[in-house]
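Numbering (this note's numbering), first residue to last: 4 to 431.
So the structure is just underneath, and the comments pick up after that.
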RNA sequence: GGCCCCGUCGUCUAGCGGUUUAGGACACCAGGUUUUCAUCCUGGAGAUCAUGGGUUCAAAUCCCAUCGGGGUCACCA
């Protein structure tokens, strides 16, 4: 148990829409803060105006909201805190830790010895000081670089745990030296392993790697994304438990984060997504499905959605699953016969029998339809498969649909008979 | 290339010197349920624990070397 108050931060630079690695960082920050009843802070590291990409700050807010990583403080902007950086840069020159070099202020790294620290994830890390060059702290335009700004902000904002990607390991000696020179206690460092693409290259830097908003647009649930991200570099039971945020907070353990890089496996994300979709209740699922469903397809949704729930991996798949309820394209004769595996005459006779049966059915419910047509099929020369597959084609135009009698009941008597008539005409 | 980190089934991982013929999950394959698909259930295949040396009565587990992968060497973060 940590003695000091836990305060974590996610500190993105607004240079594009955050990718999945940033989201995992934020999740770990969030879980750690919440586990110890601490605070999670958002800070925008906007010191490189040349690389600024409009919209990326808004995207960050959106992603935090989507994934439920709600900051307790912030956003803070580094460009609004320049006075602090200048003040401490001066102090560093005065005490000999930094020097001015053609307008920029650089740190004076020792040329001998090692900088060693205990990283909560990586364990003991030791880096020869001569490997670290005199990094620029304050650029000649008066704007700080990352190295100066993080140290000052993390200290001033009382950050207890710095969770960041492993790419920062080699510049940690710079930060440590700054803490020492300023007389401050450094935070606990946690350098997370990287998330790699299927080609084993760092995910964020790869061309074509999707950002978090794209996953949202494809119909991945925030719960599924968080769940998936947790198990990338962290292990709990068999890494397949469906966990809510609350449960994640409970089981998260900052001492058990893996050291090795992890490959992003979309199939695992799909697994969590389909599991989470099954877990949602119908009204919740309907609400989330709404943005994906064709505006004109609203009728009977409360009956249709329960039928497709178990067939959904991503929310965006919904339209392909339910389109036949709203539009009908007559099957080809070839398709119809292939599925009845009977002559045109026998198939025609079977579909006519169905039509006659359904026409007089008063209680147009799945159970009644089932009972009626099962009896009719028994009297026919067709096997259940032959009979109902051809009927499925005749009524929905598709080979794959939810349970047939449920579909027929939802379509209603009038629509079903009309479609049946169209298919019968085909065979004549 | 220098430096730093990592290396258990395709993937995420359990494993912390003997209980391991290395366990689970995803994916894959087969079977069952089912009028289709999916769900669900059962089973299967899949890792000589990167390789080679040590240490030890005993090593995936400790040590060394090699190889492989990643990171980093900007007035970018």
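Ideal placement from N, C-alpha and C gives every residue a C-beta, glycine not left out.
Taking a 10 Å sphere around the C-beta of residue 386, we find fewer than 16 other C-beta atoms and assign the residue as exposed. If you look at residue 300, you'll find it isn't in any alpha helix (DSSP H); DSSP assigns it neither H nor E. Counting only unbroken stretches of 4 or more residues, the alpha helix (DSSP H) elements lying wholly within the region 341–375 are 347–362, in sequence order. Counting every other CB atom within 10 Å of its CB across the protein chains shown gives residue 228 a total of 16 or more, marking it as buried. For the pair residue 361 and residue 400, the Cα-to-Cα distance works out to about 18 Å. Under DSSP, residue 178 shares a beta bridge with no residue. An exposed status is given to residue 61, since fewer than 16 other beta-carbon atoms sit within 10 Å of its beta-carbon. For residue 150, the uninterrupted alpha helix (DSSP H) run begins and ends at 149–159, by DSSP.
In the displayed model, residue 129 falls within a strand according to three-state DSSP. Judged by DSSP in its simplified three-state form, residue 139 adopts strand.
An exposed status is given to residue 240, since fewer than 16 other beta-carbon atoms sit within 10 Å of its beta-carbon. When secondary structure is reduced to three states using DSSP, residue 78 falls in the strand class.
Taking a cut-off of 8 Å on C-beta distances, the region 116–132 does not touch the region 59–77, as fewer than three cross pairs fall below it.
The residue from 46, 76, 45 and 16 with its alpha-carbon nearest to that of residue 52 is 16. Contact annotation, residue 430 with residue 398: C-beta distance approximately 14 Å; criterion of less than 8 Å not satisfied.
Pairing residue 206 with residue 23 gives a Cβ-Cβ distance under 8 Å. Comparing alpha carbon positions, the residue from 407, 34, 47 and 414 closest to residue 83 is 47. In this structure, residue 328 sits near residue 303, with a CB-CB distance shorter than 8 Å. In this structure, 33 is the residue among 33, 68, 26 and 25 with its C-alpha nearest to the C-alpha of residue 10. DSSP places residue 191 in the strand class (E or B) of the three-state scheme. Look at residue 145 here: in three-state DSSP terms it is coil, with no helix or strand label. DSSP places residue 98 in the coil class of the three-state scheme, outside both helix and strand.
Fewer than three beta-carbon pairs drawn from the region 140–155 and the region 111–118 are found closer than 8 Å, and the two stretches are therefore not classed as touching.
By the Cβ rule, the region 189–207 counts as touching the region 260–271, because three or more pairs are nearer than 8 Å.
Annotation for residue 107: no alpha helix (DSSP H) segment contains it, though the beta strand (DSSP E) segment containing it runs 107–110. Of the residues 413, 346 and 112, the one whose Cα lies closest to the Cα of residue 393 is 346. Partner residues in the beta bridge of residue 165, as assigned by DSSP, are 192.
By the criterion of at least three beta-carbon pairs nearer than 8 Å, the region 95–112 is in contact with the region 179–187.
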